[in-house]
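Chains as they are written, first to last, in the numbering used here: chain A, 1 to 370; chain B, 371 to 740; chain C, 741 to 1029; chain D, 1030 to 1288; chain E, 1289 to 1547. Just so you know, even glycine gets a beta-carbon here, dropped at the ideal spot from N, CA and C. Have a look at the structure below before the remarks.
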Ligand SMILES: Nc1ncnc2c1ncn2[C@@H]1O[C@H](COP(=O)(O)OP(=O)(O)OP(=O)(O)O)[C@@H](O)[C@H]1O
Ligand SMILES: Nc1ncnc2c1ncn2[C@@H]1O[C@H](COP(=O)(O)OP(=O)(O)OP(=O)(O)O)[C@@H](O)[C@H]1O
Ligand SMILES: [Mg+2]
Ligand SMILES: [Mg+2]
C-alpha cells in the first residue's frame, strides 16, 4: 500500500508554540487581557476594582453569559435566534401574569413559564427544520410576535405595560430563591467585619457589607458555562452539535440526528433566556414590556467576539463566556471611566469589528487556509 | 453526437399555466391581493380607500419601498445591511449639522451628506470584501457606530439631540424641493373642485382638496423601483448582481467583477437610506437621533415578503415593492380597522412567516426541487 | 472640595427629550463647581438601569440623582446606595411617597400619573369627550401612565385610545391620520413628547384639523412651541426638565457643602404653557425648555 | 453461494415530479463486491441512499438478512452494520479528523453514570486506522479542512471500513482520485471483501469496476438493465450497456476507440 | 509547428504556508490538445487558474502570443480569448441557463445611448448552442438548478467553446460524467481543436487523455515531470509517471492489471 510521506515538503514550518496558541478562545483571551489592562490603567481609582465595582461588572457580565451560552451552542449548531430579547420580556411577563395577576403559587408560575418558553423555542426550531427557512427570518418573526404579546397581554389585563409585586408574591416560595437569592452571605459578612470589603455606613443595613452574597444569577452563569462546555467538548451530543452546524447534510448522512440536535439547541437557548428572565424578575420584582430589548444582538455579539463562526460549526463556550465578560466589563467600565455614554455604541462597534477580524485570522490558521 | 431525448419520461407533467404563474413576485402578488381583499371587507367604510386614506397608506408604503429597493438589490447580491436604520438617523443629522448648525446652503449640505453616506456604504462593502466576514457582523458594528455618532455629534455641537429649523433653512433652495416638495397640486385642486376627491369641510383649510399633491417621497419610490427593476432585469450589471449573490466564487471565475458589484450595492443601499433621510427631514423639518430605529429589519422583511432569498442570488425588485406595499397597508390598515395597535407586531410576524413559507414553496417549484 | 454627582435616567439613547436634562446638569455643574455625569440604559431597559445605579454607587460619588421609573426594580439599588452613604435625589418620574420610601433626600419632578390627570381635567373643562393618546414609547411603562392619568382625568375609559405609534415620524403622522379618519368623533389628542407631537402637528396640518381639534402635549420642543403659537396646540404641559436636573445638583452641592436642604419636595410641573409668554420658551426650546 | 445480506426488491423513489427510481431490484452478497454502473442521473446514488437509510423508498421492499427492514434514518442502517461513503463526502472541514471519524458513532465511557465522549479512545483508533491507510496525520485533532481531497476521501473510506461490519457502500469513491489513491482504494475494497464484508461499489469507470467487481448491475434512467457475474460479461459489453447502445461506435472510431 | 499561444515559464504559486506550484513551465499551441495529468493536489487546478487570471502567480512569467501578459482577473483572460471550465463548475443554480451562459460576457444593445442586456440575442444563442451539444432545454429561462450534473457540465463546456476564441481550458470535465456524456465531451474537444483552438485538458484518466491529447504534461507535487508528444509515450508509461513509479506494480498484479 502506498504510504504518504510523513513530512510534506510543500508545507512551510509553523512553530509548535504558535500551534499551541492558536485556538478558538484565543481572540477572547487576548481581548480580555486587553480590556482589563485598559481599565486598570484608566479607571483603577474609580472603584471599579473594589468589591462593589467587581460585583457590578461581574453581574452584568453574568447576565450576558447566561444568554451567550445558549446563543453559542445554537450558533455552533448552525442557527441563531433573534427572538432571545423578546423571549426575555415575554417570559418575565408570563411569570407576572401567572404569579401576580392570576395569583398562582410562584413555583407553578415559574415552571409553567419554563414549559411555555421551551415550547416556543421548540416551535422556532421546528419551523426552521420543516420549512428549511433561514433561522434569521423565522426568529425575526418571533421577535415581533413575542414582543407584541408582551405588550398586548398586560395592557389588556391590567391596562399597563409593567406588572409589579412579584417579589411579594414570591415570598416564602421554595423555587423562587433558586433564581432570585444570594448565597455565601456569612463569608461576605466576615469579609466585611474584617474590613476587607466596605460596609454600609448608615441606614437600616448599617454594618452589613456592601456586597452581601453571590447572586444566583452568577451561579446560573457558572453552571450554564460548565454545562455547555462539558456538553460541547466531552460528550457525543457535543460532537453532533459541531457536526450539525458544520454541514447538516453530511451530518445527517453520517447518522447524526440533526433535526433533534437543532431543535434541542433552540430549546436550550429558550431555556437560557427564561433563566435570565426569571432571575431578573425575582431580583427586581417586576416585569415590563421593555425588558430584554436588543439582548439578542448582545448575545450574538458576545458569542462572535468569543470566536464562534456565525455560519456554524465552530466556536467554544469558554470563548463566548469571555466575550460576555469583555462586553460586560467594557459597558460598565466606560461608565466607571466616565466616558460620554453615547460613545459606548461606537466603542462596541469597533471592538466587535476588531474581535472578528482577529478571530477570522485565528480560524484561518487553524483550518490551514493561511 | 448523442442527442438527449426532447422529453424526459421521468418528469411528471406540470401545466403551462402553473409554469407561467410561478415567478418570484408571485408571493408578493398573492399577499397583496389577500391584504387588499381583507381590508376591503373589514375596513371599507373607515375611509381607508378614500383619497385621503389611499394617500395615507400610500406614503407609508412609499417609505418602505425606498429602503426596500436598496435592501433588495443588496440581498440579491448576497449581502445585507443592518446599518440602514442607523444610516437614516445619521444622514438626517448630517443634513441638520451642515445645513442648520454650520448654516451651509442646503444644496451643499444635501450633496455632502450623500457623499459621506455613500462613502460609509462603500466602507461597509470594502470591509466585507476584504475580510470575508459575514455582512451581518460588519453592518451590525456599523449599526452601533453610526447610531453612537448620531447621538454624540449633535450633543457635542449643539447640546441637543433633535435639531429643527431645517425647513426654514431649506427655504428657496433649488435642491431641497426635489426631496421635500409635492407635485401635481393643480390637478388635485381640479379633482377636488370637481368633487371627485373630498375637500376639507372644516378647519383652516376648508374648501381645499384633502389630498393636495403627490409627495416627492412617492416619486422617489417610483423612480427607485423602476431603476432597480430595469437595472436588475435588463442590464448586464443586473446579471452580475444575480451572479454575485448566487455564487460569488463561480461568478468571479466567470469574470464577473464581484467585489465591485457588492461594494456598489452597499453604496446603493446607503443611497436609498440617504434619500429616505433627506425626504424625511425636508418634510418634518427636524432631524432626531432616534430616527430610523429598526428600519433595517423593516426593509429586510419587505424584501423577504417580496420573495427574495436571504442568502442571495434570487429575488425581484417588484416583489420587494409589493412586500413594502403589504407592510404599509397592513400597518395602516390595522388602524383603519380599529385593531389594538400593539397587536400590529404580532400580525407582522405572522405575515412574515406566512409569506416566506409561500415564497419558499414557489422557489422550490422554480428550481425544480419540488 | 471635589464633588461628583451622577444622574441616571431610564431613557434610551434615542430619546431626544432627555437632552434638556443633560444640559441642565451640565450648567448646574459649571455654575456650582461640581462634576456631573449623565448615564442611561442604551435601550431603555429598566433592569439595565438598575445595574447602572449599582455601578454609580460602586464608583462612590457624592450623590446620585435618578428617576424612579419602576419602583419595584429600582428600590433595591437605590436603597443600597443610600445605605452606603450616598445622597440620592429622585427626579422626573416617581412620587414623593416612593422617594421617601427609598430614603432619598427629596423628590423633584412631576409624577406622571398626576400630570396626566391634571391634563385630563383641564381637557375635560375644555370640552374633550373622546381622545387619542399617541404613545411613541409603548415599551416604556412610565410614559403610558400619562395616558392613564389623562383618561381618568377626563373620566372615561382608556380603552384602545392609546396608540402604539412607533418612533418614525412619517408612520406616526399617518397612523394619526388613519386613526382620525377611522374615528371621526375624536375631539381631543394627547401626545407624550416631541417625538409624537411633531408628526401629529404635521398630520393635523395635513388633514385640516389643526386648530379645530383639541390638542394637548407633554413636554416642549421647537415644533411644539411653534404649534402653540399658531394655535394648533392648545397647551403643552411643561414639567420643566431643566429644573429637574438643575435643582438636584444645586441642592446636593449645598447639602454637601453647608448642610442646608429645602424642607419640601419640588414640583417642577405640571405647568401649562399656552400662547401667552412664549418668548423664552421659544428661545430655549429643546435646550433648556 | 451464501445468501444475500441485503435484498432490494422493486425499489421506487419519487422526488416531487421526478421519478428517480422506477423499480430496481438488487441483491448484495457477503464477501462479494457488487458494482453499480450507470450514466449520470441514472439513480445510482438515490438507490444506495435508500439502502443506507437516507431516503425511504416510495415503493418496494428491503430485506436485510432475510427479514423485511425499514431504516428510518442512517443511524438505523449503521446500527445494522451498513456503512456508506457518500458521493459528496460526509466530512466536516472545520472538525478534527478524529471527530469526523466517529461522527454519529462516538464511543462513550461512563463516568459517575453519565456518558462522556471517549476522546482518548477515539483519537487512538483514528490515528491507527489512518496509519493503516497510509496517511500520517499531524495529530488526531488536525482539522479535516487541512487535508487534500484525496486524503479526505481516504478518511471517509477508512471510517466506513471501520464501521462497515457487514456491508460497505462506496459511491464513486475514485472519481476525483489520482492513480495512486485509486489503486489504494481498490486494494482496500479487495481486502475488506476478503474479510467477508459485502461491498457495493459505484463507479463510472468500467475498468475500475472490472478490477474488483464480482457482480455488475447497470442502471439506466431509474431502471436496472440486469445483473451479470464476473466472467459473464466483457468490459466492452459493459461499456455498451452503460452508454445505451450503438451510437458510440461512430464516435469511438474517430477518437481511436479509447474512451 | 505554429508558435505557442501561451507560454508559462517557471510559474510558482504559494498559498500562505502551502507551496502549490514550485516552478512549472508549459507551452500551449493552437490546434493542439495539451493534457495535464497528475495526482490529487499536484497543482493542476492551481496552474490553470494562473493561466485564466483567477490567481496571480507568486513568481514566473506568462507570455501570451509572445508578449508578457498580466491577467489581473478572469475578465482580462476572457477578453484575450481564453475560456475556462473550472473543476467546480462556475454555474449558478438559481439563475437561468441563458443568464449563466452569458455570465460575465453579456451581449448589450444600446437603446437611447444606454446599454441594455440583449436578452433576446442571449436566449437565441443559448438555445442554439445547447441544441448543438445535444441538450434540449424547456426554454432559455429554465434554471440551471433543474439540470442534471451532466447537463450542467455540458452547459459549462458549451459556454467555454462559444467564448473560447483562442484557448479552451477544461479542468477534469469528465470526472463526474457517464460514458455517453464523456464521449460527447471528448468529441467536442476534438472538434474545437480542429478549428485551430488551443485546448488544455486536465484529467486523471490516462485513456481519456490518450484519446484526444497531442501533448502530455505530468505534474507532481507542484513540479512538472516533463512534457511528451503523442506517440512518444505509451499509456503505461504515462500511468507510471502519474503514480510516481514502481510501488504500483505489486498492487496491479493482485488486481489483475486493470487499474
Ligand atoms: N433530493 C432530490 N430531489 C429531487 N430530485 C433528486 C434528488 N436527488 C436526486 N434527484 C434526481 O434523481 C435522479 C437520479 O439522481 P442520482 O443522484 O441518483 O443519480 P446518479 O446515478 O447518482 O448520478 P451521478 O452519476 O451523476 O452521481 C436525477 O434526475 C436527480 O436530479
Ligand atoms: N486557495 C487555496 N488556499 C490554500 N491552498 C490551496 C488553495 N488552492 C489550492 N491549494 C492547495 O494547493 C495544492 C494544489 O491544489 P490543486 O487544486 O491545484 O490540485 P489539483 O492538482 O487540481 O488536484 P485535484 O486533482 O484533486 O483537483 C493542494 O495542496 C491544495 O490544498
Ligand atoms: Mg451519484
Ligand atoms: Mg483540481
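Checklist entry - Which first and last residues belong to the alpha helix (DSSP H) in which residue 770 of chain C is found? => result 759 to 772
Next on the checklist: Let's see if you can read the secondary structure: which residues bound the alpha helix (DSSP H) around residue 550 of chain B?
Outcome noted: 547 to 550
Item to check | residue 250 of chain A beta carbon near ligand 3 (any heavy atom closer than 6 Å) | outcome: no
Checklist entry - For residue 1365 of chain E, which residues of its own chain have a beta-carbon under 7 Å away from its beta-carbon, when the five flanking residues on both sides are left out? => result 1340, 1341, 1359
Checklist entry - Using the C-alpha atoms, what's the distance from residue 944 of chain C back to residue 524 of chain B? => result 29 Å
Checklist entry - Beta carbon of residue 1047 of chain D: closer than 6 Å to some heavy atom of ligand 1? => result yes
Checklist entry - Under 9 Å Cβ-Cβ, which residues of chain A neighbour residue 1008 of chain C? => result The premise fails here: residue 1008 of chain C is roughly 23 Å from chain A at the closest Cβ pair, so nothing lies under 9 Å.
Item to check | Pairwise C-alpha distance: residue 321 of chain A and residue 970 of chain C | outcome: 57 Å
Item to check | Those residues, in chain order, that have a beta-carbon closer than 7 Å to some heavy atom of ligand 4 | outcome: E:1332, E:1333, E:1375, E:1459, E:1460, E:1490
Checklist entry - At which residues does the alpha helix (DSSP H) containing residue 875 of chain C begin and terminate? => result Segment 871 to 875 is the beta strand (DSSP E) holding residue 875 of chain C; no alpha helix (DSSP H) there.
Item to check | Range covered by the alpha helix (DSSP H) that runs through residue 976 of chain C | outcome: That residue, residue 976 of chain C, is in no alpha helix (DSSP H); its beta strand (DSSP E) goes 975 to 978.
Checklist entry - Could one say the Cβ of residue 511 of chain B lies closer than 7 Å to chain A's Cβ atoms, at least one of them? => result yes
Item to check | Residue from A:198, A:228, A:134, A:96 whose Cα sits closest to the Cα of residue 167 of chain A | outcome: A:96
Checklist entry - List, in order along the chain, the chain B residues whose C-beta lies closer than 8 Å to that of residue 1415 of chain E? => result In chain order: nothing, as chain B lies at least about 13 Å away.
Next on the checklist: Cutting at 6 Å between CB atoms, please list the residues of its own chain near residue 1299 of chain E, excluding the five before and the five after it.
Outcome noted: 1309, 1312, 1338, 1345, 1348
Checklist entry - Given that residue 59 of chain A touches chain C, what residues does it touch there, using C-beta distances under 9 Å? => result 791, 794
Checklist entry - Is residue 1511 of chain E helix, strand or coil by DSSP? => result strand
Item to check | Collapsed DSSP secondary structure at residue 1295 of chain E in the structure displayed | outcome: strand
Checklist entry - Among B:397, B:702, B:458, which one has its Cα closest to the Cα of residue 641 of chain B? => result B:458
Next on the checklist: When you compare the CB positions of residue 436 of chain B and residue 645 of chain B, do they come within less than 7 Å of one another, or not?
Outcome noted: yes
Checklist entry - Are the C-beta of residue 786 of chain C and some C-beta of chain A separated by less than 7 Å? => result yes
Checklist entry - Quick one: is residue 565 of chain B buried, meaning 16 or more other Cβ sit within 10 Å of its Cβ, or exposed? => result exposed
Next on the checklist: Please tell me whether residue 349 of chain A has its Cβ less than 7 Å away from any Cβ of chain B.
Outcome noted: yes
Item to check | heavy atom of ligand 2 below 6 Å from residue 1504 of chain E C-beta | outcome: no
Next on the checklist: Please classify residue 609 of chain B as buried or exposed, where buried requires at least 16 other C-beta atoms within 10 Å of its C-beta.
Outcome noted: buried
Checklist entry - Quick one: is the Cβ of residue 1328 of chain E within less than 6 Å of any heavy atom of ligand 5? => result Absence of ligand 5 from the depicted structure is noted, with ligand 1, ligand 2, ligand 3 and ligand 4 being the only ligands included.
Checklist entry - Would you call the segment 1195 to 1206 of chain D and the segment 1223 to 1234 of chain D touching, i.e. three or more CB-CB distances under 8 Å? => result yes
Next on the checklist: On a Cα-Cα basis, can you pick out the residue from B:594, B:657, B:698, B:713 that is closest to residue 401 of chain B?
Outcome noted: B:698
Checklist entry - CB of residue 1348 of chain E to nearest heavy atom of ligand 2: below 6 Å? => result no
Next on the checklist: Let me confirm a value: residue 376 of chain B is counted as buried when at least 16 other C-beta atoms fall within 10 Å, else exposed. Which label applies?
Outcome noted: Because the pLDDT at residue 376 of chain B is just 41, under 50, the model does not fix this residue reliably, and the value given afterwards should be weighed accordingly. The residue in question, residue 376 of chain B, is exposed, as its Cβ has fewer than 16 Cβ neighbours within 10 Å.
Item to check | CA-to-CA distance, residue 847 of chain C to residue 800 of chain C, given in whole angstroms | outcome: 21 Å
Next on the checklist: Taking its Cβ as the centre, do 16 or more other Cβ atoms sit within 10 Å of residue 758 of chain B, making it buried, or is it exposed?
Outcome noted: In the structure as shown, chain B begins at 371 and stops at 740. Residue 758 of chain B is therefore absent and cannot be evaluated.
Next on the checklist: Is residue 1437 of chain E close to ligand 1? I mean its beta-carbon at under 6 Å from any heavy atom of the ligand.
Outcome noted: yes
Next on the checklist: By the DSSP assignment, the beta strand (DSSP E) with residue 1053 of chain D in it spans what residues?
Outcome noted: 1047 to 1057
Checklist entry - Taking Cβ-Cβ distances shorter than 8 Å, what residues in chain E pair up with residue 1204 of chain D? => result 1463, 1464
Checklist entry - Is it the case that the Cβ atoms of residue 665 of chain B and residue 495 of chain B are separated by a distance below 7 Å? => result no
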